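Asks: Structure incoming, see below.
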Amino acid sequence: MREQGSRGLTRRRVLGIGGALGVMAATGLSASAALARRPSITGAELRSAVPLPPPFQVPLPIPAVLKPVSTSGGADRYEITQREASAEILPGVTTPLWTYGGTFPGPTIESRRGRPVTVTHRNELPVPTVVHLHGGRTPAASDGYPTDLVLPAGWREHSMHMGHGAEHGMHDPRAVVTELTRDYTFPLDQRPTLLWYHDHRMDFTAPAIWRGLAGLHIIRDDAEDALGLPAGPRELPLMIADRAFAADGSLAYPALDPTLRVRPGVREPYLAGVLGDVILVNGAPWPVHEVDAARYRLRILNASNARHYELEAVTDDGRRLDLVQVGADQGLLAAPVTHRLLPMAPAERYDVVVDFSGVPIGSLVRVVNRLGSGRTGEVMAFRVARRASDDSRVPSRLSTDLPDWRRSDAVRVRDFSFRAGQMHAGHGWLIGGLPFDPARSDVTTRLGDIEVWRLVADVHHPVHLHLAGFRVLSRSGRAPLAHDAGLKDTVSLRPGEAVEIITRFDGYRGRYLFHCHNAEHEDMGMMANLEII
Ligand SMILES: [Cu+2]
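Using the UniProt record's numbering, the first residue of the sequence shown is number 1, and each one after it goes up by one.
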């Protein structure tokens, strides 16, 4: 059955979604907002209980690049300890975090295409963890399947003592569980791009990322280096994430079990997603960064659990600067695409060049979020500090290796709905009417097969495939949007929309996942197995 697009959505059909409307009512959206063609927000916002700083005062931090512990044998080895740490995120406020290596974001790993990397993660946190390299073309054993837990010291004894050894995620016979450490090996035989690593533990991904378990991983190659894009201090990674702060300075999160040990889930008003009222970039609230009047390459990641953004770069005199997109989730576009407004769903990345050369010295360029209101309408600012020479360029041809799969290449077409529904007698988010079950095969495909998938949404769902990049073929029967260009690994399904994607399941055999990257939806069932044989 071909699903109707948003424009064909009748009132009767919208009401038929039922469960989703219940969720929206519970999250405080009015019925008219729920019935609107494009509700701009999926989720409910937490309010911080500490004073928030004025915008554009805190300098933009750049996450440190991690040094390998060894580079011998044609591979780089890294070590990261997952541990509790504190940071002063808001000026004068101490915030306890769960971190990779003591910082939020975690350290950035910089790699060359095709040069393998092994990261030894050591879990010194109080709960099990799982590391997933988002966007990585990674063998299944290192892809961070949600039940492939790394247990902290003493966890088994504690679980038996507490009598919940058979808790969620512990009854998957295929799970490969390790104690204290695990080596994750990434061949990185893939197009250069900005990846990110984050926690992916069964049932508890959303609160773990919220507490700080996220970092960047950049892959480069000679061809990209030769393009002449802005580089060095004029290439900036920007990890955007919203958070909220409790009165004691900790990160507020409406977990049913604040220890994140036993009972998953969030309190009812937040079932559609948890939003914060503070916008962090690289872990700093509404930061400011001093720039030359020159071109900059901004490598933007939306690392928020549930918040969508529509970004604009606005000058003091109200001009909107061009956002020249050179890359998508999975690397360089064929040719630049110029935007004024950049919609970003959770987990999407955009690689854009912004030219500050026409901006008066001493003035600000604010990055604003058109989907926000009040404080969430601001993201960060650039202060144009000085004139400077600029030998960077944006070539009209960026890459020639994008896959050009055609509909007629596909050996099969699959349909998946992403909708609210019932799970364990409570609220869930379902794919094809089912909540996630590690023991169930949802998709089995052969290595090398090309498939077309039709994805249909009730509310916003950013859908992510592990292992395979894909291209967007259509949105509700129409041509893709300008920002769908290139090779993606996460596509934003908008409310009521049907999106077709095409991909080739290439790389490795094994058990992978596809899921919604609204992290709360993901924890409430919206994942499915992808078995490549
Ligand atoms: Cu979702």
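Backbone N, C-alpha and C define an ideal beta-carbon position, used for all residues, glycine too.
Computed from a predicted structure; not experimentally measured.
Give me the residue from Ser363, Asp489 and Thr338 with the minimum Cα distance to Val291.
Replies: For the purposes of this step, residue 291 is taken as residue 291 along the sequence shown, with counting starting at 1. The residue with the shortest Cα to Cα distance from Val291 is Ser363.
Asks: Give a single yes or no on whether His427 has its beta carbon closer than 7 Å to a heavy atom of ligand 1.
Replies: Taking the sequence shown and counting its residues from 1, the one referred to as residue 427 is at position 427. Not under cutoff, so the answer is no.
Asks: Should His134 be listed as close to ligand 1, given that the test is whether its C-beta is under 7 Å from any heavy atom?
Replies: For the purposes of this step, residue 134 is taken as residue 134 along the sequence shown, with counting starting at 1. Result no, Cβ not under 7 Å from ligand 1.
Asks: Kindly indicate the opening and closing residues of the alpha helix (DSSP H) around Glu84.
Replies: Indexing the sequence shown from 1 puts residue 84 at position 84. Where Glu84 is concerned, there is no enclosing alpha helix (DSSP H), although the beta strand (DSSP E) it sits in stretches over Asp76 to Ala87.
Asks: Within the 8 Å Cβ cut-off, does Gly135 reach chain D?
Replies: Considering every chain present, this structure includes no chain D. It has just one protein chain.
Asks: May I have a chain-ordered list of the alpha helix (DSSP H) segments no shorter than 4 residues that lie completely inside the stretch 165-230?
Replies: 205-210 and 222-225
Asks: Could you name each continuous beta strand (DSSP E) segment of 3 residues or more that falls completely within the stretch 303-379, going from the start of the chain to the end?
Replies: 309-315, 323-328, 331-339, 342-344, 349-355 and 364-369
Asks: So is the beta-carbon of Asn282 under 7 Å away from any non-hydrogen atom of ligand 1?
Replies: Locating residue 282 in the sequence shown gives position 282, counting from the first residue. Asn282: no, Cβ never under 7 Å from ligand 1.
Asks: Could you tell me which uninterrupted beta strand (DSSP E) segments, each at least 3 residues in length, are contained entirely in the UniProt domain "Plastocyanin-like" (421-530), listed from first to last along the chain?
Replies: 426-431, 443-445, 450-457, 461-465, 470-475, 490-493, 498-504 and 510-516
Asks: So what does Ser142 bridge to, in DSSP terms?
Replies: Locating residue 142 in the sequence shown gives position 142, counting from the first residue. Looking at the DSSP output, Ser142 bridges to nothing.
Asks: In angstroms with no decimal places, state the Cα-to-Cα distance between Glu520 and Asn302.
Replies: Residue 520 sits at position 520 when you count from the first residue of the sequence shown. Residue 302 sits at position 302 when you count from the first residue of the sequence shown. Taking the straight line joining both Cα atoms gives about 15 Å.
Asks: Spell out the partners DSSP gives His289 in its beta bridges.
Replies: The count along the sequence shown starts at 1 and reaches residue 289 at position 289. According to DSSP, which records beta bridges pairwise, His289 is partnered with Phe382.
Asks: What do you get for Pro59, buried or exposed, if any count of 16 or more other CB atoms within 10 angstroms of its CB means buried?
Replies: In the sequence shown, counting from the first residue as 1, residue 59 sits at position 59. Per the 10 Å Cβ criterion, exposed.
Asks: Cβ-heavy atom distance between Met527 and ligand 1 below 7 Å?
Replies: Numbered from 1 along the sequence shown, position 527 holds the residue referred to as residue 527. Incorrect: Met527 has no Cβ contact closer than 7 Å to ligand 1.
Asks: Around the C-beta of His121, are 16 or more other C-beta atoms found within 10 angstroms, so that it is buried, or is it exposed?
Replies: As a first step, residue 121 is located in the sequence shown; it is residue number 121 there, counting from the start. So His121 ends up on the buried side.
Asks: Counting Cβ pairs closer than 8 Å, one from the stretch 394-406 and one from the stretch 496-506, do we hit at least three?
Replies: A contact exists between the stretch 394-406 and the stretch 496-506.
Asks: Where DSSP assigns a beta bridge to Asn123, which residues make up the other side?
Replies: For the purposes of this step, residue 123 is taken as the residue at position 123 of the sequence shown. Partner(s): Gln82.
Asks: In whole angstroms, give me the CA-to-CA distance for Ala223 and Leu229.
Replies: In the sequence shown, residue 223 corresponds to position 223, counting from 1. In the sequence shown, residue 229 corresponds to position 229, counting from 1. C-alpha separation (whole angstroms): 11 Å.
Asks: What would DSSP say about Ser399, mapped onto helix, strand or coil?
Replies: Counting from 1 along the sequence shown, the entry for residue 399 is found at position 399. Coil.
Asks: Applying the 10 Å Cβ sphere with the 16-neighbour rule, what's the burial state of Ile89?
Replies: Position 89 of the sequence shown, counted from the first residue, corresponds to residue 89. Burial call: buried.
Asks: Contact check, residue 579 vs His464 under 8 Å by CB: the rounded distance?
Replies: The chain is shown from 1 up to 533; residue 579 falls before or after that span and cannot be answered.
Asks: What do you reckon, is the C-beta of His483 under 7 Å from a heavy atom of ligand 1?
Replies: Working through the sequence shown from its first residue, we reach residue 483 at position 483. Checking the Cβ of His483 against ligand 1 gives no.
Asks: Determine the extent of the beta strand (DSSP E) in which Trp98 is found, giving its start and end residues.
Replies: In the sequence shown, residue 98 corresponds to position 98, counting from 1. Residues Thr95 to Tyr100.
Asks: DSSP state of Tyr270, grouped into three classes?
Replies: One-based indexing of the sequence shown puts residue 270 at position 270. Helix at Tyr270.
Asks: Under 8 Å: do the stretch 293-309 and the stretch 77-89 share three or more Cβ pairs, one atom per stretch?
Replies: no
Asks: Check for me: the beta strand (DSSP E) holding Asp242 runs from which residue to which?
Replies: Walking along the sequence shown from the start, residue 242 turns up at place 242. First-last of the beta strand (DSSP E) with Asp242: Glu235 to Arg243.
Asks: Taking 7 Å as the cut-off, is the C-beta of His461 nearer than that to any heavy atom in ligand 1?
Replies: On the sequence shown, position 461 is the one that residue 461 refers to. True, at least one ligand heavy atom lies under 7 Å from that Cβ.
Asks: So, using beta-carbon positions, are Asp76 and Val131 closer together than 8 Å?
Replies: Residue 76 sits at position 76 when you count from the first residue of the sequence shown. Residue 131 sits at position 131 when you count from the first residue of the sequence shown. No, these two residues do not count as a Cβ contact at 8 Å.
Asks: Go through its chain and collect everything with a Cβ distance to Met344's Cβ below 6 Å, but skip five positions before and after it.
Replies: Against the sequence shown, residue 344 aligns to sequence position 344. Here the set comprises Asn302 and Tyr309.
Asks: Could you give the residue range of the beta strand (DSSP E) that holds residue 536?
Replies: No answer is possible for residue 536: the residues shown for the chain start at 1 and end at 533.
Asks: Whole angstroms is fine: what's the gap from Gly412's alpha carbon to Ala241's?
Replies: Taking the sequence shown and counting its residues from 1, one reaches residue 412 at position 412. Taking the sequence shown and counting its residues from 1, one reaches residue 241 at position 241. Residue 412 is actually Arg in this sequence, not Gly. One C-alpha to the other measures close to 37 Å.
Asks: If you reduce the DSSP assignment to three classes, tell me which class Ser70 lands in.
Replies: For this step, residue 70 is matched to residue 70 along the sequence shown. If DSSP states are grouped into helix, strand and coil, Ser70 belongs with the strands.
Asks: Would you call the CB atoms of Leu398 and Leu195 closer than 8 Å?
Replies: Reading the sequence shown from its first residue, position 398 is the one you call residue 398. Reading the sequence shown from its first residue, position 195 is the one you call residue 195. Not in contact: Leu398 and Leu195 (Cβ atoms no closer than 8 Å).
Asks: Given Gly249, which residues of its chain have a CB within under 7 Å of its CB, disregarding the five upstream and five downstream residues?
Replies: Taking the sequence shown and counting its residues from 1, the one referred to as residue 249 is at position 249. Around Gly249: Val50, Val93, Thr94 and Thr95.
Asks: If we ignore side chains and look at the alpha-carbon of each, how far apart do Asp442 and Gly432 end up?
Replies: Along the sequence shown, one-based indexing puts residue 442 at 442. Along the sequence shown, one-based indexing puts residue 432 at 432. Between Asp442 and Gly432, the C-alpha separation is close to 9 Å.
Asks: Assuming Leu455 and Leu493 make a contact with CB atoms under 8 Å, what is their CB distance in whole Å?
Replies: Position 455 of the sequence shown, counting from 1, holds the residue named residue 455. Position 493 of the sequence shown, counting from 1, holds the residue named residue 493. With a Cβ gap of about 6 Å, Leu455 and Leu493 count as contacting.
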